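Novice:
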Amino acid sequence: MMLITPPALTVYTDFVCPWCYIGDMYLRDASTKRDFDIHYVMFPLHPETPSSGLTLNKLFKGRFDNLQKVQDAIRKQAIALGLRYGTRTHTYNSLNAQIIGKALSDPKDFELFKLAVFEKYFGDGCNIGDSLVLQQILDNINNRKWNAIDLINDADLQQQVEQDWILCRTNGITGVPTFQQGDRYCFGVQQTANILNLLFPE
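Numbering-wise (this note's numbering), the sequence shown opens with residue 1 and increments by one.
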């Protein structure tokens, strides 16, 4: 009997992207309906963010007439989907979280880590670039003793993230979430049906 390899979906994402958090719910739902592999590529959404974080007012200065209204609309949408989402005031540098994510080769471990990072940031407003915050997440998702600082300083893991960023530039990815299946792309939050149609076109 010949084994059928499930299709693979490439997801370009970043932990400080609210649409990635919202879109992840639909992605998880799609994965319960059909069998497919997910390959995550880290995207540098705001790589210039200092380690202490940056207020959204400074980040989006001059870009929105009413930033609070925009943030309230995103929060309302997330809460309507059952996601934890507080009042977001800052963005943080996600590089350390991206590096640690590369260490979690078991997809189940990465999924737990990804959701925990999303909830720490969007739900609790924590600085997900802080090694102590990341250590707490690691301790909670697995009884193995991962050391956040050791992982963050691992040159091989750093290189993997750098390669992801290069791939984003090579493939012309300018925003997230972006979904890729072969030579087909979808940008922005995609509901379950759209994700499945991308993977399993009629």
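We put the CB at the ideal spot given by N, CA and C, even for glycine. Model, not experiment: these values are computed from the prediction.
Drop a sphere of 10 angstroms on the beta-carbon of F118, count the other beta-carbons inside from all chains shown, and report buried for 16 or more, exposed for fewer.
Specialist: By the 10 Å Cβ count, F118 comes out buried.
Novice: Restricting to Cα atoms, I'd like to know which of G188, Q181, F187 and Q190 is closest to F200.
Specialist: Measuring from the Cα of F200, the nearest candidate turns out to be Q181.
Novice: How about T13 and V41: do their beta carbons lie closer than 9 Å?
Specialist: The answer is yes: Cβ separation under 9 Å.
Novice: Below 8 Å on the Cβ atoms is my guess for V70 versus L45; work out the distance and round it to an integer in Å.
Specialist: No, V70 and L45 are not in contact; Cβ-Cβ is about 16 Å, not under 8 Å.
Novice: Could you pull out every residue in the same chain whose Cβ sits closer than 6 Å to the Cβ of P18, ignoring the five residues on either side in sequence?
Specialist: Excluding residues within five positions, the ones whose Cβ falls inside 6 Å are I74.
Novice: Is it the case that the Cβ atoms of V133 and G23 are separated by a distance below 9 Å?
Specialist: Contact: no.
Novice: What's the call for S52, buried or exposed, on a 16-neighbour Cβ count within 10 Å?
Specialist: The residue is exposed, with fewer than 16 neighbouring Cβ atoms inside 10 Å.
Novice: Tell me the rounded alpha-carbon separation between P177 and D124.
Specialist: Each residue's Cα considered, the two are about 22 Å apart.
Novice: Please confirm whether I231 and F60 have their CB atoms less than 9 Å apart.
Specialist: Past the edges of the chain, shown from 1 to 202, lies residue 231, and the structure says nothing about it.
Novice: Could you give the uninterrupted runs of the beta strand (DSSP E) lying entirely in the stretch 27-91, keeping only those of 3 residues or more?
Specialist: Counting only runs of 3 or more, we get 37-42.
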